[in-house]
Structures are given as C-alpha cells and as structure tokens.
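Novice: Here the protein sequences line up with chains H and A, keeping their order. Under this note's numbering, read the first sequence as residues 1 to 273, first letter to last. Under this note's numbering, read the second sequence as residues 1001 to 1099, first letter to last.
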Amino acid sequence: MMPGVIAACAAVAGSAYAQIDPWEFEVYPYATEQRGVVELETLNAVVANGHSTPDAGTGAQFPSQSTWFNAYELTYGLTDRIEAAAYLNLALPRGQGLWYSGSKYRLRGRLFDEETLPVNLGWYLELEWHKSPQFDDANLELELRPIMEKDFGRLSLVANPVFEKVLSGAGRNQGFEFGYRNAVYYRWLKYLSPGVEFYGGCGLIDDTDPLRDQQHYIFPVLWGALPNGIEYSVGPGSGLTPNSDRVIMKFNIELERYVGALFGPSSENSWFF
Amino acid sequence: MLFDCSSVRALAVEPVEIRFQNHQFTPSSLTVPAGQKLSIKVINASDETIEFESFKLNREKVVSPGETITVRLPELSPGDYDFYDDFHQDVPVGNIVAR
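Written out as structure tokens, the structure reads:
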C-alpha cells in the first residue's frame, strides 16, 4: 500500500506540510460514532527525533524536535450515519510555552448500510481555523476525504485520501493539496489488537513537491477498547523521506458515553441520513 | 428451533432475530450457515438503551427501547462470533456459530 502511494505522489510531483496534521494521527473507519454517543478524545504526538531547524518535518516557525502536539476532540453521533465533531489544537514546542494552534469543526458520515456496496464508503468534511501563524500561515482550510473500508474476516483495510484547499490566507489562490491516511487493522483481542497506519502528503495536486520535500510516515500501532468506554491507539511513527521527522510517538485515548439521541433510527431505505 | 440445557439455539432462517428483554439476549446462541451473507434483526423489547456489539464481526449499533435495527453481515468463515451489550457489561454474552 505504502510504496504505491509514495510512487503516485512522486509521479504527480511544491511544501507538503499542510496534508500532514500532526495534531491528529488517526485514520477514520467507515463506522461513525453511534447515535446519541459522545466521545471525548485526546490526541497526542511527540516528535522524539525530528528536525532542529524550523520549517522542516512537522515544524513551521519552530523546530519540530521535541514538539508535543496535543488536541482535544469532542464528537457526537447525530444519526446512525452522521457524526459531528469539534477540535481544540494545542502545541508545546521545545523551550516554548503551550500554544493555542487552531480549531477544527467537521461532519463525517457513512453512506448506505454495511455490506450494501462491495466497499463500505463514507465521507468527511472539515473546516480548520488557524489562529497561530507560528504553525500554519493559512487562516481557513477546507478538507474533504472520501472514506473507504473493506473487511476480510478479522482484517480491515481503511483508506482516507485527503483533499485540502486553503480558503483564506496564504495559499488561497492555489488549488487542492493531496495527502492520505490509510491503515490495516487486525481484530485480535478487543482490548489489544495490532495495526499499521500510513500518513503522507504530496503537495498541490497539480504541482506536487519533490519527493525529498514530502512527508510520509508509517506507524505500527496497538489499539483496543478497555472497560468503561475507554479506547486507545499508541505507536511509534517512522519518517520515510528526508523532510519527514524521523520518529514521532502517538498516543490517543478516548472516552465514550451514551448521553441520549436527538434523532430516531435512520431509515433502512435511506443512504445518507 | 433446537434447544439444549445451556442456551437457546436457533437455526438461521433469514431474517435472523435476536430480542433483548429482561436484561438478556434471546436466543443467546444461534447457528447460521457459513459462507453466505445474512442479516440479523435486533429487537430491543426492554426499557433500556443497549449497544449491540460484536468485536469479531466489526459491528456496533445503538438500539433504543422499542426499536429494531438490522445488522448486515458478510459471508462468515466457520467459527464462533460473540456478541454483547457494550453499555451493560453484566448482560450475558451471546454467540453466533457459523458452520
């Protein structure tokens, strides 16, 4: 999966910073948050071995080395097929205090019921608002992702191609950028299962970055669900290109609670709501 | 329907139905044919909201009181697939046997 995606990025080969979101190393499956369920998640990534100069790897105006990217995500299952979420992004660069670095708002949904199509399909629509040019000089960005998932027994293949457009700020006259978030998960035990996640960015679709300037990462992960609605995903990520950080540790923890549904069950005859 | 002492077993005839009532799933065990797609209707006849979940089958769905939902499954390999109410850990675990 990974060599093919990198080759595709190189083939269409500008800065691939935007498609790598170090605040959220997470691949979204077809399934959405359950109707009436609230999830609070903290997403964390620490650059264990990064760059000592600015504007390289996951760093912008600060060197990436030792930066801690910390996000809080609140998600609610609106219907059986659509969820809404809001994010608060923070960052702690080395030698700096804790910075507010942006907010994100998104809707995500799944199309049709499972097993209706040969591949389970979903969608993702996000608006990202940046307050701090220290981390991104775009003010407002739109992100679109189709979501594809196919299960083979206990194995799940998940693909999230990422299309991102700057709506306001530096780069607003440019077209869409392309990135990806893909994963292979194996359901071994409910509380402990392995997986491999892939993240990367290629730059503008019509003017991709040279491969050495792109960022690509591979994360072997352990994930699972613990009692009382706690779920986790942890793992070390390895950078695959010179501009990637060499090692990033991610650890995401979430807590789910049923708080009550606003809407009734989705119709079996509908495919969107 | 086939019965034994430990559980209720139902031969799969689509649509398979599982009812949640009195804090338990009935039948708690059902046998379905391996290698063919099937749908399971989960009826919540209780007054509590449940989450019908199966980790092995990669399925989870909230079922409010009085609601019926459908869980669609792919062709199953022969084996046991447990299911449970993820909102209530004290609800006895059920299983689907594909053979």
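For glycine and all other residues, C-beta sits at the position ideal for the given N, C-alpha and C. Keep in mind the model is a prediction, meaning the values are calculated, not measured.
#1: Starting from the C-beta of leucine 1073 of chain A, find all residues in its chain whose C-beta is less than 8 Å away, skip the five residues before and the five after it, and write them out in chain order.
#2: For aspartate 1086 of chain A and proline 146 of chain H, I'd like the C-alpha separation in whole angstroms.
#3: Got a sec? Which residues, its chain only, sit under 8 Å from aspartate 21 of chain H by beta carbon, not counting five neighbours each side?
#4: For the stretch 34-49 of chain H, which residues have a beta carbon sitting closer than 8 Å to at least one beta carbon of chain A?
#5: Compare the Cα-Cα distances from serine 1029 of chain A to each of A/His1088, A/Asp1082, A/Gln1089 and A/Pro1065 and report the closest residue.
#6: Which residues in chain A sit within 7 Å of lysine 190 of chain H, going by Cβ to Cβ distance?
#7: Closest by CA to glutamate 1017 of chain A, which one among A/Ile1043, A/His1023 and A/Arg1099?
#8: Go ahead and pull the three-state DSSP assignment for leucine 144 of chain H.
#9: Using beta-carbon positions only, say whether threonine 79 of chain H and arginine 108 of chain H come within less than 7 Å of one another.
#10: Any Cβ of chain H within less than 7 Å of the Cβ of arginine 1019 of chain A?
#11: Tell me, to the nearest whole angstrom, how far the beta carbon of glycine 285 of chain H is from that of glutamate 164 of chain H; I am working on the premise that it is less than 8 Å.
#12: In the stretch 14-85 of chain H, which residue ranges form an unbroken beta strand (DSSP E) of at least 3 residues, counting only runs that do not cross its ends?
#13: Which residues share a DSSP beta bridge with proline 161 of chain H?
#14: In the structure shown, what three-state DSSP assignment does leucine 1073 of chain A receive?
#15: With DSSP as the reference, label aspartate 213 of chain H as helix, strand or coil.
Specialist: For this structure:
#1: Lys1037, Leu1038, Ser1039, Ile1040, Leu1057 and Arg1059
#2: 29 Å
#3: none
#4: Gln34, Arg35, Gly36 and Val37
#5: A/Asp1082
#6: Under the 7 Å cutoff, chain A gives Phe1055.
#7: It is A/Ile1043.
#8: strand
#9: Not a contact, by the Cβ cut-off of 7 Å.
#10: no
#11: Since the first residue of chain H shown is 1 and the last is 273, residue 285 of chain H is not available in this structure.
#12: 37-49 and 68-77
#13: H/Tyr180
#14: Strand, per DSSP.
#15: helix
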